[in-house]
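So the sequence lines, in the order shown, correspond to chains A and B. Heads up: the first sequence at position 1 corresponds to 179 in our numbering, and the numbers run straight through without jumps. Heads up: the second sequence at position 79 corresponds to 304 in our numbering, and the numbers run straight through without jumps.
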Amino acid sequence: GAKQPTITRFFSKV
Amino acid sequence: MLELRLVQGSLFKKVLDGIKDLVNDANFDCSSTGFSLQAMDSSHVALVALLLRSEGFEHYRCDRNISMGMNLSNMAKMFKCAGNDDIITIKADDGGDTVTFMFESPTQDKISDFEMKLMSIDSEHLGIPEAEYHAIVKMPSSEFARICRDLSTIGDTVVISVSKEGVKFTTKGDIGIANIVCRQNTSVDKPEEATVIEMNEPVSLTFALRYMNSFTKATPLSNIVTISLSNELPVVVEYKIAEMGYVRFYLAPKIEE
């Protein structure tokens, strides 16, 4: 099935 | 010292109702630009960004940048005590550990103030890069809410696909499959009833309906919702707040392994 990544995979900490 | 006065106080109530299911505790940041918030849900799959620009307030005083940690459900309890026509003022002292919400009835014959304890919240601020989206769909927010609600009775995920045909919402569940296609429709009487699709490239992404349904709690903020999609990027579901700013929800797409 499809995996649910977290948003931090796309946006990094500033 | 911080003092923000909003005559259309119901906006604060709508903002809170729109985000409190997704986020429990959050830091509200106040600067000369405005009143803002960025927070992730507890599983870090979705992110909400709120901006209420200072120009939109009747009175806006923020002597220096402050960040106030608040529990959103406690905040919502207090805001429930404000009437829909009330003027709402948010006040805080620099370095204090409380925030005061003042509600004034339009005729000034009832004035309430509620003091809420602030909390210390460790939160990560994420950089949201500017992105060129493959497709941007603008549609009536109530229609989008209806589609998410309807599809979640059948499946857990929604595939949102934009093609020349229009925008297609698909779900699959134990009982079967559902497809809803919305075509571009600009020949309506009112602009808020239009569906407008800007497509640079076809795009198809899968999302958890549970989150989409949570985003639609912000529907009362705007007649129109804007859905921005790019392959392998989080979707942006935006509710514009007239004259003031926006609530944007970002949701990571599901990825096939």
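Where a beta carbon is used, it is the ideal one built from N, C-alpha and C, also for glycine. On a predicted model such as this, the values are computed, not experimentally measured, just so you know.
* Which residues of chain A have a Cβ atom closer than 9 Å to the Cβ of T431 of chain B, listed in chain order? -> Taking the first residue of the second sequence as position 1, residue 431 of chain B is located at position 206. Here the neighbours are A180.
* Asked: Taking just the CA atoms, how far does P354 of chain B sit from G307 of chain B?
  -> One-based indexing of the second sequence puts residue 307 of chain B at position 82. One-based indexing of the second sequence puts residue 354 of chain B at position 129. Rather than Gly, the amino acid found at residue 307 of chain B in this sequence is Ala. When rounded, the distance between both Cα atoms is 37 Å.
* Could you pull out every unbroken alpha helix (DSSP H) segment of at least 4 residues lying fully inside the segment 281–340 of chain B, listed in chain order? => 297–304
* **Per-residue contacts from A477 of chain B into chain A (C-beta, under 8 Å)** => Residue mapping note: residue 477 of chain B aligns to position 252 of the second sequence, counting from 1. Simply Q182, P183, T184, I185, R187 and F188.
* T314 of chain B versus Q409 of chain B - alpha carbon distance -> Along the second sequence, read from residue 1 onward, the residue named residue 314 of chain B stands at position 89. Along the second sequence, read from residue 1 onward, the residue named residue 409 of chain B stands at position 184. Each residue's Cα considered, the two are about 41 Å apart.
* Helix, strand or coil at V467 of chain B according to DSSP, with G and I counted as helix -> Numbered from its first residue, the second sequence carries residue 467 of chain B at position 242. Looking at the sequence shown, residue 467 of chain B is not Val but Ala. Note: A467 of chain B maps to coil in three-state DSSP.
* Would you identify the three-state DSSP class for F405 of chain B, choosing helix, strand or coil? => The residue labelled residue 405 of chain B in the question sits at position 180 within the second sequence. Contrary to the premise, residue 405 of chain B reads as Ile rather than Phe in this sequence. The answer is strand: DSSP assigns I405 of chain B an E or B state.
* Going straight from the alpha carbon of H359 of chain B to that of T382 of chain B, what length do you get? -> Taking the second sequence and counting its residues from 1, one reaches residue 359 of chain B at position 134. Taking the second sequence and counting its residues from 1, one reaches residue 382 of chain B at position 157. Each residue's Cα considered, the two are about 21 Å apart.
* Asked: Terminal residues of the continuous alpha helix (DSSP H) containing L247 of chain B?
  -> As a position in the second sequence, residue 247 of chain B is number 22, starting the count at 1. From DSSP, L247 of chain B is part of no alpha helix (DSSP H); its letter is neither H nor E.
* Where G234 of chain B falls: helix, strand or coil (DSSP) -> Here the question's residue 234 of chain B lines up with position 9 in the second sequence. Coil.
* Asked: Cβ of N456 of chain B within 8 Å of Cβ of V413 of chain B?
  -> Taking the first residue of the second sequence as 1, we reach residue 456 of chain B at position 231. Taking the first residue of the second sequence as 1, we reach residue 413 of chain B at position 188. No, the pair does not count as a contact, with Cβ atoms beyond the cut-off.
* Asked: When Cβ atoms are compared, which residues of the segment 398–427 of chain B fall closer than 9 Å to chain A?
  -> none
* Asked: Is the CB-CB distance between P365 of chain B and T431 of chain B below 8 Å?
  -> For this step, residue 365 of chain B is matched to residue 140 along the second sequence. For this step, residue 431 of chain B is matched to residue 206 along the second sequence. No, Cβ-Cβ distance for P365 of chain B and T431 of chain B is not below 8 Å.
* Neighbourhood of P331 of chain B by C-beta distance below 6 Å, restricted to the same chain and skipping five residues each side -> Taking the second sequence and counting its residues from 1, the one referred to as residue 331 of chain B is at position 106. D310.
* Hey, T451 of chain B and I361 of chain B: beta-carbon distance below 8 Å or not? -> If you number the second sequence from 1, residue 451 of chain B lands on position 226. If you number the second sequence from 1, residue 361 of chain B lands on position 136. Contact flag set, yes.
* Test: E355 of chain B CB closer than 8 Å to a CB of chain A -> On the second sequence, position 130 is the one that residue 355 of chain B refers to. Not closer than 8 Å to any Cβ of chain A, the Cβ of E355 of chain B fails to qualify, so no.
* Quick one: what's got a C-beta closer than 6 Å to K238 of chain B's C-beta in the same chain, skipping five residues either side? -> Walking along the second sequence from the start, residue 238 of chain B turns up at place 13. Cβ neighbours of K238 of chain B beyond the five flanking positions: F304.
* Anyone know if the C-beta pair for G391 of chain B and S190 of chain A falls short of 8 Å? -> The count along the second sequence starts at 1 and reaches residue 391 of chain B at position 166. The count along the first sequence starts at 1 and reaches residue 190 of chain A at position 12. Not closer than 8 Å, so no.
* Of the residues B:N299, B:I244 and B:R435, the one placed nearest C373 of chain B, counting alpha carbons only -> One-based indexing of the second sequence puts residue 373 of chain B at position 148. Among B:N299, B:I244 and B:R435, the Cα nearest to that of C373 of chain B is on B:R435.
* **Residues of the segment 265–298 of chain B with Cβ closer than 7 Å to any Cβ of chain A, in chain order** => Here the close residues are M265, H269, V270, A271 and L272.
* Please confirm if G470 of chain B has its CB atom under 8 Å from at least one CB of chain A. => Here the question's residue 470 of chain B lines up with position 245 in the second sequence. No - not a single Cβ of chain A is within 8 Å of the one on G470 of chain B.
* **Distance between L229 of chain B and E280 of chain B (C-alpha atoms, nearest Å)** => Translated into positions along the second sequence, residue 280 of chain B becomes position 55. Translated into positions along the second sequence, residue 229 of chain B becomes position 4. Using only the alpha carbons, I get a separation of about 11 Å.
* **Chain-ordered neighbours of H350 of chain B on chain A, where CB pairs are closer than 9 Å** => Translated into the one-based positions of the second sequence, residue 350 of chain B becomes position 125. Chain A residues near H350 of chain B: K191 and V192.
* Can you say whether E211 of chain B is buried or exposed, counting buried as having 16 or more other CB atoms within 10 angstroms of its CB? => Because chain B is modelled from 226 through 482, residue 211 of chain B falls outside the range shown and cannot be assessed.
* To do: Check each candidate in B:N299, B:L272, B:D338 and B:E368 and name the one with the smallest Cα separation from I312 of chain B.
  => Position 87 of the second sequence holds residue 312 of chain B. Ranking the options by Cα distance to I312 of chain B, first place goes to B:D338.
* Could you give the distance in angstroms between the alpha-carbon of I194 of chain B and the alpha-carbon of P183 of chain A? -> A query on residue 194 of chain B cannot be resolved here, the shown segment of chain B reaching from 226 to 482 and no further.
* Residues that V421 of chain B bridges to, as DSSP identifies them -> By 1-based counting over the second sequence, the position of residue 421 of chain B is 196. Partner(s): B:K363.
* To do: Report back the beta-carbon spacing between N438 of chain B and E417 of chain B to the nearest angstrom; my notes put them in contact at under 8 Å.
  => Translated into the one-based positions of the second sequence, residue 438 of chain B becomes position 213. Translated into the one-based positions of the second sequence, residue 417 of chain B becomes position 192. Going by Cβ atoms, the distance from N438 of chain B to E417 of chain B rounds to 22 Å, so no, they are not a contact pair.
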